[in-house]
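Beneath this line is the structure, given in structure tokens, with notes to follow.
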DNA sequence: CCATTGTTGAAACGTCTCTTTCAAAGTTAA
DNA sequence: TTAACTTTGAAAGAGACGTTTCAACAATGG
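Here is the structure:
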């Protein structure tokens with residue numbers, strides 16, 4: 001069970017600020033959230049230890065590294081055996097073009113977000129990689145015309 | 001038009017490393033990618049200026065801030081007027097629980113990923129917020145049973 | 001009421017970092 | 001080859017940074 005730690009308003013301001021800019025110095029963070037540097041530093045460390053604060057990552061411009069096209073793909077499993085599911089999830093984690101994967105209720109088993117350079121690139125992934133996986137029974141692909149919003153900032 | 005900058009293998013290693021850990025010091029980054037500190041620092045700055053390197057953000061544990069449930073929601077517009085579309089996209093950007101939004105080809109106009117605490121929380125969002133928006137003609141919601149994979153790391 | 005426990009802010013420390021400069025090495029083109 | 005241009009690595013300095021310690025304060029429970 002995941003324990004929901006109690007967060008006061010200063011903690012929340014810390015989380016808010018660091019979600020937007022992970023490179024803030026402790027001093028700057030401290031007076032942005034209205035506390036002393038020492039206290040702020042202790043709070044940050046506590047939030048890290050508690051697992052609330054995760055990794056600091058650098059975001060890239062997808063187009064600049066030739067991954068400007070998003071495809072959303074529904075997947076149906078050939079079978080629902082534990083074996084088959086486990087193999088598929090290992091496969092998903094190993095494929096770098098698969099950015100997100102959700103196990104779904106309803107008519108499809110999974111929803112994937114895949115980043116590719118262009119349509120030809122996706123065709124290769126679909127035909128040679130995804131549909132060749134033994135666990136996969138079927139797939140329905142939907143190209144995103146554009147990305148209207150993308151954020152990593154959770155409301156706190 | 002988005003220019004795809006030329007990246008050599010050291011640039012790529014820099015991008016790879018910083019996508020995983022935005023807090024690496026320049027010195028550590030330098031010898032991880034195999035170059036001098038000075039050269040590495042210049043490369044990083046150039047990648048920032050070119051817009052390849054975007055913001056550094058801190059990721060949170062969604063469950064710890066009570067946003068552990070993902071809902072994928074297809075939306076159909078009531079009309080496709082420029083007016084209606086514009087209003088909807090402004091709305092999307094303003095709602096913090098909407099993490100991602102893609103404009104789609106096919107039978108639905110948009111796909112949204114929404115983070116909520118629980119089912120009741122989502123019911124409120126759907127009935128009182130999303131379906132009440134004048135641009136929205138219909139929606140189909142799908143709850144994620146679990147998040148199999150989530151990464152911000154693009155293949156470089 | 002006192003005792004205990006936890007949290008706060010200020011100060012101080014030494015460490016590490018960023019950033020620039022400069023000469024050398026490498027690359028390109030004529 | 002020569003000349004122009006770019007990229008490289010080492011050195012160095014100033015400054016900022018994280019981290020600890022300490023005393024004061026607040027909250028809690030008996």
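Residue numbers (my numbering), protein chains in the order written: chain Y, 1 to 156; chain V, 1 to 156. Ideal placement from N, C-alpha and C gives every residue a C-beta, glycine not left out.
When 8 Å is used as the limit between beta carbons, residue 97(Y) is near these residues of chain V: 155, in chain order. Nearest in C-alpha terms to residue 6(V), of all of 83(Y), 119(Y), 64(Y), is 64(Y).
One finds 154, 155 in chain Y with Cβ atoms closer than 8 Å to the Cβ of residue 67(V), taken in chain order. Taking a contact to require three or more Cβ pairs closer than 8 Å, the region 135-153 of chain Y and the region 32-44 of chain V do not qualify as touching.
For the 8 Å CB-CB criterion, residue 30(V) and residue 22(V) do not form a contact.
For residue 26(Y), the enclosing alpha helix (DSSP H) has its first and last residue at 26-33.
By the C-beta criterion, the region 86-95 of chain Y is judged not to be in contact with the region 75-95 of chain V, since fewer than 3 inter-stretch pairs fall below 8 Å. Residue pairing by DSSP places residue 150(Y) opposite 100(V) in a beta bridge. Distance check between residue 145(Y) and each of 33(V), 32(V), 101(V) places 101(V) closest, using alpha-carbon atoms only.
Counting the other CB atoms within 10 Å of its CB gives residue 46(V) a total below 16, which places it among the exposed residues. The shortest C-alpha to C-alpha distance from residue 69(Y) to any of 80(V), 50(V), 104(V) is the one to 104(V).
Within its own chain, the residues whose Cβ lies closer than 6 Å to the Cβ of residue 56(V), once the five positions on either side in sequence are excluded, are 22, listed in chain order. Around the beta carbon of residue 96(Y), a 10 Å sphere encloses fewer than 16 other beta carbons of the protein chains shown; the residue is thus reported as exposed.
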